[in-house]
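Scroll down for the structure; my scribbles are underneath it.
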Amino acid sequence: MRTNTPGKAAVGAHPAKKGGASSKRGKGTPNHGKAQASSKGVGVRRNSSRRDSQKRTTAKADPGEPSPVILLSNLEVSSRTELAALLSYYGPVRHMTFLKDKTKALAEYMSQASAEALVASGSLRQFNRSATVIFSSHDHIALALTRTNEVTNPPSRVLSINICNCPFDPTLEFLHAQMARYGQVLRIVTIRKDGDMQVLAEYAQQSEATVALNALQNETLSIRNNTSSARDFTVNGATTSIVTRTDGQALAEMRVGPQHTTVLLHNWPTGLNVHHAVALACVYGNVDKCVMVPSSRTILIQFQDEAGQQAFSQHVSKLQLLGSQLNVTTSKQEELRVQSKRTLEDGSPQGVDVSKDAKLRRFKPNERGGRTPPSNTLHFHNVPQAVSLETLLAAMAARGAPAPVSIRNLTQAGKPTQHGLLTFSTEHDALVAVVKANNMPLPGVADRILKVAFSRQQS
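Counted from 1, the sequence shown has number 343 at position 315 by our numbering; the numbering is strictly sequential.
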């Protein structure tokens with residue numbers, strides 16, 4: 029079920045420092061509507077600090093002794109999710125942390141072989157330049173340490189969360205509901221200064237604080253109902269400011285310079301893989317590549333053109349899918365790298381490249397029509413006459429799609445393929461049917477797939 033348009037508030041989270049927390053914000057332009065979370069991993073040195081310093085100064089000449097931990101320099105990315113997507117091409121990443129110099133980071137792979145593969149490649153390709161990679165003089169990134177001169181903040185069970193540009197005054201109950209999604213919250217303290225709010229949230233476990241820290245990256249506060257303590261000022265006739273909008277059109281109006289066609293799809297439900305994400309994305313645009321970042325349940329989707337990226341951002345963000353609220357943000361990555369041999373726990377690939385699959389090309393380049401917002405009715409087509417509607421519904425049910433409450437065949441006499449309307453009891457059921465059954469092979473027919481899309485018509 030789709031929620032009302034959410035209100036936005038900028039949220040920044042980082043581990044709280046010992047002895048209190050400062051509510052000071054930087055002087056730069058605020059990142060409206062986004063959460064900015066800092067990293068928490070720190071390193072355990074296995075050699076002296078002098079030797080470590082010498083290795084860094086000679087990074088170009090000597091990659092260092094092999095280690096599962098990599099020191100990255102000359103970084104463009106500032107998001108943990110995007111850095112994880114770049115690193116995961118070489119293997120699963122256990123921990124990451126940005127250093128005080130935000131152009132540097134430490135990354136620990138699950139295996140040393142993955143780290144060696146990255147160093148052997150010579151550099152990490154980014155958007156406009158390549159990052160320098162060398163082995164670090166750290167055995168591993170230890171989350172247990174509390175003092176280091178290299179990381180921005182030591183790890184802690186307490187998060188310091190800065191809330192700014194919020195159109196309402198969040199209550200403790202509202203804040204607790206937001207934070208409790210990631211673990212057991214023991215205590216919450218609020219501090220107000222200069223019109224903004226700083227929140228200290230203490231979790232029962234440090235691991236829960238880590239999950240919350242990672243999840244709050246690019247997160248927004250969502251308001252489902254207007255109350256005395258939480259109100260969305262963009263509905264009921266109020267004026268909508270461009271800086272508070274997150275739909276695709278607002279992103280296009282705000283964008284300056286090169287336009288990107290890659291999005292990050294956050295909060296992807298457990299149990300769904302990249303094939304399901306492609307099935308949903310194909311409804312709104314031609315998909316080139318799709319990669320999952322398993323540690324954060326985030327999907328990166330690269331569209332053929334900006335029309336698909338804008339439509340997907342506008343219509344999919346804030347949808348409820350199988351208990352998760354989807355959130356779509358724009359990525360700076362211009363080209364995704366897909367490692368076809370990398371698989372997830374369910375055996376499905378971590379990434380797919382479907383740019384050469386003509387069956388998935390539904391739209392002409394930069395075509396802006398034919399993209400309907402979610403509804404409880406789906407239009408199905410591309411079904412040969414040899415496949416009965418009963419067989420079609422049975423195949424959809426076998427893939428986990430809900431059963432429609434009504435079906436209407438709109439096929440004209442003499443046409444080789446069938447098309448019609450499937451009406452479901454709720455919009456959520458129709459959304460699940462898209463994710464589960466769109467692009468599925470049709471039984472008994474070679475090289476034919478089912479194509480569905482949301483429809484404004486009713487059966």
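The beta-carbon is built from N, C-alpha and C at its ideal position, and this holds for glycine as well.
Just so you know, the alpha carbons of Ala-133 and Gly-472 end up roughly 52 Å apart. The segment 375-385 makes contact with the segment 289-303; the number of CB pairs closer than 8 Å reaches 3 or more.
DSSP places Gln-330 inside the beta strand (DSSP E), whose first and last residues are 326-331. Contact check for Met-424 and Ala-465: beta-carbon distance about 4 Å, within the 8 Å limit, so the pair qualifies.
In the DSSP assignment, Met-320 is bridged to Ile-327. For Glu-455, the enclosing alpha helix (DSSP H) stretches over residues 455-465. Secondary structure of Val-186 (DSSP, three-state): strand.
Judged by DSSP in its simplified three-state form, Tyr-210 adopts helix. Under the three-state reduction of DSSP, Leu-241 is assigned to helix.
The segment 349-423 is shown to contain whole beta strand (DSSP E) runs of 3 or more residues at 355-358, 379-381 and 405-412, in chain order. Sequence-distant partners of Asp-457 (beyond 5 residues in either direction) whose C-beta falls short of 6 Å from its own C-beta, in its chain, are Pro-430. The residue from Lys-384, Leu-349 and Gln-367 with its alpha-carbon nearest to that of Phe-331 is Lys-384.
Apart from sequence neighbours up to five positions away, the residues of its chain that approach Asn-404 with a beta-carbon distance below 8 Å are Thr-451, Phe-452, Ser-453, Thr-454, Glu-455, Asp-457 and Ala-458, ordered along the chain. For Gln-342, the number of other beta carbons within 10 angstroms of its own is at least 16, and it is reported as buried. With 16 or more other CB atoms across the displayed protein chains lying within 10 angstroms of its CB, Glu-144 is buried. Of all C-beta pairs linking the segment 409-418 to the segment 436-451, three or more are shorter than 8 Å, placing the two stretches in contact. Boundaries for Ser-139: no alpha helix (DSSP H) harbours it, and the DSSP string shows neither H nor E there. Annotated three-state conformation of Gln-226 is strand, per DSSP. CA-CA distance, Ser-101 to Arg-108, rounds to 15 Å.
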